[in-house]
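**Q** For the sequence shown, this note's numbering gives the first residue as 804, with consecutive numbering after it.
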Amino acid sequence: MSGVVIVGAGPAGARCAERLRAGGYDRPVTLIGDEPVPPYRRPALSKELLAGTAGIGDLRLRPAGWWEDAGIELVLGSRVERIDPARRSVILAGGGDVSWDAVVIATGSRARRLPELPPLRGIHTLRSLQDSLRLRGDLRAGRRIVIVGAGFVGTEVASTALSIGAEVTLVDPAPPLSRLLGDDVAGLLAARYREHGVDLRTATVGEVEGTDDRVTAVRLGDGERIECDALLVAVGAEPAVPAGIPQAPEGGIAADAGGRTDLDGVFACGDVARATHPLLRRDLRVEHWADAAAQGVAVADAILGADPAPRDLPLFWSDQFGLRLQYVGHAHGWSAVELDGGPDEFCARYLDEEGCVVAALVANRPRELGRLRRELRAAA
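1. Could you pull out every residue in the same chain whose Cβ sits closer than 7 Å to the Cβ of D863, ignoring the five residues on either side in sequence?
2. Considering only the alpha carbon of each residue, which of L852, L1175, V1008 lies closest to L938?
3. If you measure between the beta carbons of Y996 and L1023, is that distance less than 9 Å?
4. Within 10 Å of its beta-carbon, does Q1123 have 16 or more other beta-carbons around it, so buried, or fewer, so exposed?
5. Going by Cα to Cα distance, which pick from R890, V1075, L932 is closest to A1096?
6. Could I get the ranges of all uninterrupted beta strand (DSSP E) runs contained in the segment 1092 to 1121, with 3 residues as the minimum, in chain order?
7. Rounded to whole angstroms, what is the Cα-Cα separation between A1105 and Q1098?
8. Taking the alpha-carbon positions, what's the T928 to L848 distance?
9. Does the beta-carbon distance from D987 to V1140 come in below 9 Å?
10. Considering only residues of the segment 922 to 952, which uninterrupted alpha helix (DSSP H) runs meet the minimum length of 4 residues and lie entirely inside it, listed in chain order?
11. Buried or exposed for H1133, please, with buried defined as at least 16 other CB atoms from any protein chain shown within 10 angstroms of its CB.
12. Starting from L877, follow its DSSP beta bridges and name the residues at the other end.
13. Going by DSSP in three states, I787 sits in which element: helix, strand or coil?
14. Report the option in G813, V1021, E1171 whose CA atom is closest to the CA atom of A909.
15. Going straight from the alpha carbon of G1158 to that of A994, what length do you get?
16. With DSSP as the reference, label E919 as helix, strand or coil.
17. Quick check: A1058 and T1079, are their CB atoms within less than 9 Å of each other?
18. Let's test the definition: count the other Cβ atoms within 10 Å of the Cβ of R1017 and tell me whether it reaches 16, buried, or not, exposed.
19. Name the residue from Q1129, G898, A1182, Y1153 whose alpha carbon lies nearest to the alpha carbon of R1170.
20. Tell me which residues share the same chain as G1013 and place their Cβ nearer than 7 Å to its Cβ, disregarding the 5 neighbours each side in the sequence.
21. Would you check if there are 3 or more beta carbon pairs closer than 8 Å linking the segment 873 to 884 to the segment 953 to 968?
22. From L895, L1083, R1176, L942, pick the residue whose C-alpha is nearest to that of H1135; which is it?
23. What's the call for P979, buried or exposed, on a 16-neighbour Cβ count within 10 Å?
24. Is the beta carbon of V808 closer than 9 Å to that of I1199?
25. Could you compute how far the alpha carbon of A854 sits from the alpha carbon of L1066?
26. Give a yes or no on whether the C-beta atoms belonging to A1166 and R822 are separated by under 9 Å.
27. Is it right to say D1152 is buried, meaning 16 or more other beta carbons lie within 10 angstroms of its own, or is it exposed?
28. Per DSSP, what kind of secondary structure is E1090 in: helix, strand or coil?
29. By a C-beta neighbour count over all protein chains shown, 10 Å radius and 16 as the cutoff for buried, is E919 buried or exposed?
30. From R913 to P839, what does the alpha carbon distance come to, in whole angstroms?
31. Note down, in chain order, each residue of its chain lying with its Cβ closer than 6 Å to the Cβ of H1091, except the 5 sequence neighbours on either side.
32. Cutting at 6 Å between CB atoms, please list the residues of its own chain near A1033, excluding the five before and the five after it.
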């Protein structure tokens, strides 16, 4: 087939395909996805779709028929077994291969799992549309769910589950979101979660129990037993690097600001890429929607030989427990946090050793975001 083959139909892959066509690329463009549905809005998996306030059709990035009209071939429900850079071929599971002049790896990440989990019904992870629909089937008023992992996926699902009347226990060895946002912000969030009815446990998981092939309880590291009807494992994600492609020592696929790897004709973008950020001038693996889309654009521009589009600083958001959290920048580390506000609205500025701001978080203060972005750009 040749042309450009994009492996992964998430935001990075979809945006790359769109940009190629908008930039005048006239060779074949093929977008391969392992899910059986066209590209969709993934942030809704832990929110509107899980709550049942949006359907599958509401999540589509483009209307039905748009991809065909744009000359982009969708190969859906197809898992890539490996990529052969020497033969310039993508080998599909179950047989068949697709040739390419350039291949874009946008395979995202896969959910980490707890070791030695028993094969019980009612145990979930959340990375795909089908994951969200299966979890939704176990979330009803009065049902009890234990969520292991108090990162963004775990806390967003906790907020959604409570909104539909489920009972929620949130378990993590560290305070919620403290690894990314620091202890001061974590303390504000923990108080808010408890106020809304979350049973928040700073603990480890020792054992998962079940009866008749279904999960019934989680035993914590201190021996306490918590009964449940469902268990969500939300302990992070790891880059889904296809077989045949080398992985960077820190994880992910090493790439420059245009997504170019050391392999001729091979590009990477999105969660799977450890790419150079042109503003921050260091290699990052940023697992968020907006940056994934921006990386897809950068790869398309590199393939087209066009001047790269301006890149902004990493930005992500989270809606949970009546808060709109918006985070800009990338605090690889910080020396101090300046916190202003209280449980209902606040701003946190993350400072390095020299007192320069490296990242900022606002909660229910959207008007401050523009000023903070300008401040961070100047510092960068």
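No residue lacks a Cβ here, since even glycine has one placed at the ideal position from N, Cα and C.
Fair warning: this is a prediction, and the values are worked out from it, not measured in the lab.
**A** A quick look at the data gives this:
1. The residue asked about is misnamed: residue 863 is Arg in this sequence, not Asp. When the five nearest sequence neighbours on each side are left out, the beta carbons in the same chain lying within less than 7 Å of the beta carbon of R863 are those of P841, Y843, in order along the chain.
2. Per the C-alpha coordinates, the member of L852, L1175, V1008 positioned closest to L938 is L852.
3. Using a Cβ distance threshold of 9 Å, Y996 and L1023 do not count as a contacting pair.
4. It is buried - the Cβ of Q1123 has at least 16 other Cβ atoms within 10 Å.
5. Looking at the Cα atoms, V1075 is the closest of the given residues.
6. Under the rule that a run must span 3 or more residues, no beta strand (DSSP E) segment is found entirely inside the segment 1092 to 1121.
7. Each residue's Cα considered, the two are about 11 Å apart.
8. Taking the Cα positions, T928 is about 11 Å away from L848.
9. Taking 9 Å as the cut-off, the beta carbon of D987 is found closer than this to the beta carbon of V1140.
10. Runs of the alpha helix (DSSP H) lying entirely within the segment 922 to 952 and spanning at least 4 residues, in chain order: 932 to 941.
11. The C-beta of H1133 has 16 or more other C-beta atoms within 10 Å across all chains shown, which makes the residue buried.
12. Beta-bridge pairing links L877 to L834.
13. An answer regarding residue 787 cannot be provided, because it is not within the stretch 804 to 1183 covered by the chain.
14. Residue nearest to A909 within the set G813, V1021, E1171 is G813 (criterion: CA-CA distance).
15. One alpha carbon belongs to G1158, the other to A994, and they sit about 29 Å apart.
16. The three-state secondary structure of E919, taken from DSSP, is coil.
17. In this structure, A1058 lies near T1079, with their beta-carbon atoms less than 9 Å apart.
18. Sixteen is the threshold: since fewer than 16 other Cβ atoms of the shown chains lie within 10 Å of the Cβ of R1017, the residue is exposed.
19. That would be Q1129, whose Cα lies nearest to the Cα of R1170.
20. P921, L923, T1019.
21. Contact between the segment 873 to 884 and the segment 953 to 968 is absent, with fewer than three C-beta pairs closer than 8 Å.
22. Here the closest residue by C-alpha is L1083.
23. Under a 10 Å Cβ-count criterion, P979 is classified as buried, with 16 or more other Cβ atoms of the shown protein chains found around its own Cβ.
24. What is shown of the chain runs 804 to 1183, which leaves residue 1199 out entirely.
25. Near 43 Å, if we compare the C-alpha coordinates of L1066 and A854.
26. The answer is no: Cβ separation not under 9 Å.
27. The displayed chain sequence assigns Arg, not Asp, to residue 1152. Buried.
28. Taken through DSSP and simplified to helix, strand or coil, E1090 comes out as coil.
29. Counting Cβ neighbours within 10 Å, E919 comes out exposed, since fewer than 16 surround it.
30. Taking the Cα positions, R913 is about 17 Å away from P839.
31. Result list for H1091: F1119, in chain order.
32. Correct list, in chain order: G925, D941, I948.
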